[in-house]
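Enquirer: Let me give you the structure first, and then I'll get to my questions.
Protein chains: 2
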Amino acid sequence: MNDRFLRACRREPVDRTPVWFMRQAGRYMAEYRALRAKHTLLDLCHTPELSLQVTMQPVNALPVDAAILFADILLPLEPMGASFEFAAGEGPVIHEPIRSRAQIDALRVCDPHEGLGYVLESLKLIRRELNGRVPLIGFAGAPFTLASYLVEGGKSAHFVKTKTLMYREPEAWHALMEKLSTVVAKYLVAQVAAGAQAVQLFDSWVGALSPQDYVTYVQPHVARILAEVTTCGVPVIHFGTGTATLLEHQRDAGGTVIGVDWRTPLAPAWDRLGNGVAVQGNLDPVLLLGPRDVMLRQATDILTSVKGREGHIFNLGHGILPETPVDNVRALADLVHSLTERA
Amino acid sequence: MNDRFLRACRREPVDRTPVWFMRQAGRYMAEYRALRAKHTLLDLCHTPELSLQVTMQPVNALPVDAAILFADILLPLEPMGASFEFAAGEGPVIHEPIRSRAQIDALRVCDPHEGLGYVLESLKLIRRELNGRVPLIGFAGAPFTLASYLVEGGKSAHFVKTKTLMYREPEAWHALMEKLSTVVAKYLVAQVAAGAQAVQLFDSWVGALSPQDYVTYVQPHVARILAEVTTCGVPVIHFGTGTATLLEHQRDAGGTVIGVDWRTPLAPAWDRLGNGVAVQGNLDPVLLLGPRDVMLRQATDILTSVKGREGHIFNLGHGILPETPVDNVRALADLVHSLTERA
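As they're listed, the protein sequences go chains F and H. So the first sequence is numbered by the working numbering: it starts at 1 and just counts up by one. So the second sequence is numbered by the working numbering: it starts at 344 and just counts up by one.
In structure tokens, the structure reads:
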């Protein structure tokens with residue numbers, strides 16, 4: 001079994017630096033586009049056999065060292081009572097954005113075995129299909145990022161409504177964060193029980209906050225989730241973007257591995273975080289659009305900067321972009337492996 | 344004359360910390376909305392008498408310590424040959440986004456006295472009208488930020504086309520940056536000649552870049568602009584958002600004052616920048632939507648954190664949002680003045 005990803009999470013020596021890619025299953029792959037032509041994104045998520053197929057596509061096509069469940073961070077919102085859809089070209093649209101305490105009180109703290117049983121079923125199928133080839137990563141959205149979609153109604157540039165709720169109605173905000181955190185913690189624990197060998201918490205948009213606001217409005221909730229999930233004994237990756245000034249606070253909230261985006265150079269970030277955690281990252285996803293030599297040079301710079309330290313998982317600073325040529329992804333994974341081969 | 348803004352730029356002692364606000368003239372003011380009901384945004388920019396009126400609105404209504412020219416960072420694109428419009432609710436739309444070297448070669452390096460004479464005329468009118476009440480700030484967009492609009496065709500989430508041009512065609516990229524920089528430098532120098540007593544360079548979106556890419560693709564151009572403008576002898580504010588990992592590189596590129604957004608706590612940012620520069624910032628603009636006590640508490644925290652240091656200009660971390668109550672802006676300016684009054 002290829003266990004270099006799990007070993008790196010635990011900061012143990014590895015034969016080569018492990019590599020996987022956020023959104024490694026996705027629109028940049030012809031196999032994925034072929035399936036999407038026949039099914040909606042939500043259908044792919046809702047149907048374990050399809051989620052299995054999509055999850056396996058990059059594992060079969062590319063030398064990645066981990067599989068990651070194909071799902072969406074918003075899925076838990078459905079059984080909580082907040083329906084949404086993916087509008088063509090626009091991303092998620094929440095049907096009834098949350099603007100009042102009453103709506104927050106009405107959210108259901110669902111049991112993942114009921115409302116999200118299909119995700120757990122997907123994990124079981126994937127784990128069986130992988131049969132030890134590479135470890136399986138589960139994931140969930142972090143409560144700030146989920147709350148931002150719920151409150152804004154979709155993507156946001158400035159998170160005005162989210163922050164306004166936070167500042168104006170801190171009790172309502174914390175009630176919302178507590179409900180989301182309870183669901184996310186149970187969901188991640190259930191994912192581990194269903195076969196996930198590591199999990200990643202995506203706090204993708206938390207970089208919109210000042211450190212002071214992060215500590216006040218977000219950190220306690222993330223800390224609670226990560227404390228609960230850590231009892232499962234699997235590595236936990238704690239990821240966000242735009243987090244240059246939040247890294248120490250994120251580390252304090254928890255996580256075996258801290259994910260860093262491309263804006264923060266990896267080696268000094270790791271120095272700040274200390275040797276108690278592994279790190280994941282952090283090439284700018286746009287570099288994968290080419291030219292290849294620029295991409296490989298910058299990836300080499302990252303690998304060189306942390307050479308000799310145990311606990312680096314190579315990844316991008318955010319998800320693979322739909323326009324990415326598959327050959328560049330393969331060349332990048334190959335470079336990571338060849339440059340880091342140990343005697 | 345109220346010169347505390349200019350004194351703070353030069354890190355000289357001041358009677359009170361100066362305060363002004365990015366977008367202090369704008370939609371949050373009823374006076375502005377009344378004018379906008381009769382004129383387009385571009386008409387307001389193009390007509391010196393209207394630009395004067397809008398510029399004066401916050402100076403007359405609020406205890407701000409500086410006036411800033413009412414204009415738009417995209418105005419220089421028009422005489423360069425790249426036409427655009429402001430689409431309702433969508434922000435700027437560039438009619439023919441730049442995608443080829445030929446389009447870059449076709450851009451005109453315009454003389455600001457010709458293509459942008461109306462801006463210079465506005466500055467003269469404003470300076471006369473101000474009559475020494477507060478200093479007048481001119482401004483321009485920085486070349487990366489302007490290039491991102493030109494290449495993407497408008498606002499962007501990931502700057503994929505901009506970065507791709509940068510990585511794939513570095514010669515074309517640098518040619519574009521050189522043309523923009525030549526125009527921006529001349530434009531700022533002309534603004535000073537027309538009456539601007541300080542200028543701000545807005546590199547609003549440069550935080551999308553890694554430090555490595557900033558140094559390679561942007562810094563030399565910004566440094567050239569700032570070197571040229573500095574010869575005018577007026578303070579230069581160098582501003583961006585999401586710049587937590589770029590600050591030292593921005594300082595090295597130049598500027599009398601470094602503008603910092605709310606993601607980067609001001610005191611440690613200033614420690615990193617050193618005592619050779621003044622700093623401007625950095626309250627989260629969303630805090631101005633209220634409640635007022637939370638806004639005032641966080642503003643107090645900022646002021647306390649840099650108390651006793653010469654060279655702080657209070658501002659937001661980015662522009663005032665349209666939904667902002669005017670009374671909150673006034674309360675914030677009053678707080679800055681009352682908390683920082685020197686014996």
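Cβ atoms here follow ideal geometry from the backbone N, Cα and C, with glycine treated the same way. Here the structure is a predicted model, which means the values were calculated and not measured.
Give the straight-line distance between the Cα atoms of leucine 333 of chain H and alanine 351 of chain H, rounded to the nearest whole angstrom.
Expert: The structure shown does not extend to residue 333 of chain H, since chain H is modelled only from 344 to 686, so the question has no answer here.
Enquirer: Chain H beta carbons: is any one of them nearer than 8 Å to that of serine 210 of chain F?
Expert: Answer yes: the Cβ-Cβ gap between serine 210 of chain F and chain H drops below 8 Å somewhere.
Enquirer: Are the C-beta atoms of leucine 289 of chain F and some chain H residue less than 8 Å apart?
Expert: yes
Enquirer: What's the gap between the Cα of histidine 592 of chain H and the Cα of glutamine 562 of chain H?
Expert: 7 Å
Enquirer: So what's glutamine 534 of chain H in DSSP terms, helix, strand or just coil?
Expert: helix
Enquirer: Taking 8 Å as the threshold (beta carbon to beta carbon), is aspartate 627 of chain H in contact with chain F?
Expert: yes
Enquirer: For proline 211 of chain F, which residues of its own chain have a beta-carbon under 7 Å away from its beta-carbon, when the five flanking residues on both sides are left out?
Expert: By the criterion of a C-beta distance shorter than 7 Å, proline 211 of chain F is surrounded in its chain by Thr245, Leu246 and His249, once the five residues flanking it on both sides are discounted.
Enquirer: Here's a check: name, in chain order, each residue in its chain whose Cβ is nearer than 6 Å to the Cβ of leucine 17 of chain F, leaving out the five neighbours to either side.
Expert: Position check: residue 17 of chain F holds threonine in this sequence, whereas leucine was assumed. For threonine 17 of chain F, where only same-chain residues beyond five positions count, the Cβ hits under 6 Å are His312, Phe314, Val336 and Thr340.
Enquirer: On the three-state DSSP scale, how would you describe aspartate 454 of chain H?
Expert: coil
Enquirer: What residues from chain H crowd round leucine 303 of chain F, counting only those whose CB sits closer than 9 Å?
Expert: Those within 9 Å of leucine 303 of chain F in chain H number zero; the least Cβ separation is about 14 Å.
Enquirer: Within this structure, are the beta carbons of alanine 596 of chain H and valine 572 of chain H separated by less than 8 Å?
Expert: Result no, Cβ atoms of alanine 596 of chain H and valine 572 of chain H do not sit closer than 8 Å.
Enquirer: Give the residues of chain B in contact with glutamate 666 of chain H, contact being defined as C-beta atoms less than 9 Å apart.
Expert: Judged by its chain identifiers, the structure shown contains no chain B, and its protein chains are F and H.
Enquirer: How is the alpha helix (DSSP H) around phenylalanine 92 of chain F delimited, first residue to last?
Expert: A small fix is needed here, since residue 92 of chain F is proline in this sequence, not phenylalanine. First-last for proline 92 of chain F: 91–94, but that is the beta strand (DSSP E), not the alpha helix (DSSP H).
Enquirer: Do you know offhand how far lysine 650 of chain H's Cα is from glycine 576 of chain H's?
Expert: Near 27 Å, if we compare the C-alpha coordinates of glycine 576 of chain H and lysine 650 of chain H.
Enquirer: Show which residues of chain H have a CB atom less than 9 Å away from the CB atom of arginine 168 of chain F.
Expert: Leu632, Gly633, Pro634 and Val637
Enquirer: With contact counted as at least three CB pairs below 8 Å, one residue from each stretch, are the stretch 106–114 of chain F and the stretch 152–172 of chain F in contact?
Expert: no
Enquirer: Quick check on DSSP: helix, strand or coil for asparagine 60 of chain F?
Expert: In the structure shown, asparagine 60 of chain F falls within a helical segment according to DSSP collapsed to helix, strand and coil.
Enquirer: Pop quiz: phenylalanine 545 of chain H and alanine 485 of chain H are said to be a contact at Cβ under 8 Å. What is the actual Cβ separation, rounded to whole angstroms?
Expert: With a Cβ gap of about 6 Å, phenylalanine 545 of chain H and alanine 485 of chain H count as contacting.
Enquirer: Which residues in the same chain as phenylalanine 345 of chain F place their Cβ atom closer than 6 Å to its Cβ, once the five residues preceding and following it in sequence are excluded?
Expert: Any answer about residue 345 of chain F is impossible in this case: the structure gives chain F only from 1 up to 343.
Enquirer: If we cut at 8 Å on Cβ distances, does arginine 263 of chain F have a partner in chain H?
Expert: yes
Enquirer: Whole-angstrom Cβ separation of isoleucine 518 of chain H and isoleucine 447 of chain H, contact assumed at under 8 Å?
Expert: Here residue 518 of chain H is alanine; the residue named in the question, isoleucine, does not match the sequence. So it is a contact: roughly 5 Å between Cβ atoms.
Enquirer: Can you say whether proline 578 of chain H is buried or exposed, counting buried as having 16 or more other CB atoms within 10 angstroms of its CB?
Expert: Classification of proline 578 of chain H: buried, given that the 10 Å Cβ count is 16 or more.
Enquirer: Does the stretch 420–429 of chain H touch the stretch 462–477 of chain H, meaning 3 or more C-beta pairs lie closer than 8 Å?
Expert: no
Enquirer: With 16 as the cutoff for other CB atoms within 10 Å, does aspartate 213 of chain F come out buried or exposed?
Expert: By the beta-carbon neighbour count (other beta carbons within 10 angstroms, threshold 16), aspartate 213 of chain F is buried.
Enquirer: Taking DSSP's pairing of strands, which residues face histidine 238 of chain F in a bridge?
Expert: F/Leu201 and F/Ile258
Enquirer: Residues in its own chain within less than 6 Å of alanine 551 of chain H by CB, not counting five upstream and five downstream?
Expert: Phe502
Enquirer: Pairs of beta-carbons, one from the stretch 32–47 of chain F and one from the stretch 58–76 of chain F, closer than 8 Å: are there three or more?
Expert: They touch, by the three-pair rule.
Enquirer: For glutamine 212 of chain F, does the three-state DSSP call read helix, strand or coil?
Expert: Reduced to three states, the DSSP call for glutamine 212 of chain F is helix.
Enquirer: Considering only the alpha carbon of each residue, which of F/Gln200, F/Ala37 and F/Asp301 lies closest to alanine 347 of chain F?
Expert: One cannot answer for residue 347 of chain F here, as it falls past the ends of chain F, which runs 1 to 343.
Enquirer: For valine 637 of chain H versus leucine 664 of chain H, is the C-beta spacing smaller than 8 Å?
Expert: no
Enquirer: What three-state label does DSSP hand glutamine 280 of chain F in the structure shown?
Expert: Glutamine 280 of chain F: strand per DSSP, three-state reduction.
Enquirer: Quick check on the DSSP output: what are the complete beta strand (DSSP E) runs of length 3 or more inside the stretch 355–427 of chain H, in order along the chain?
Expert: none
Enquirer: Are leucine 107 of chain F and lysine 179 of chain F touching if we call contact CB-CB under 8 Å?
Expert: yes
Enquirer: Look at the Cβ atom of glycine 259 of chain F, then the Cβ atom of glycine 274 of chain F, and state whether they are nearer than 8 Å.
Expert: Cβ atoms of glycine 259 of chain F and glycine 274 of chain F: not closer than 8 Å.
Enquirer: At the level of alpha carbons, what is the spacing between phenylalanine 5 of chain F and proline 135 of chain F?
Expert: Each residue's CA atom was taken as its position, placing phenylalanine 5 of chain F and proline 135 of chain F some 7 Å apart.
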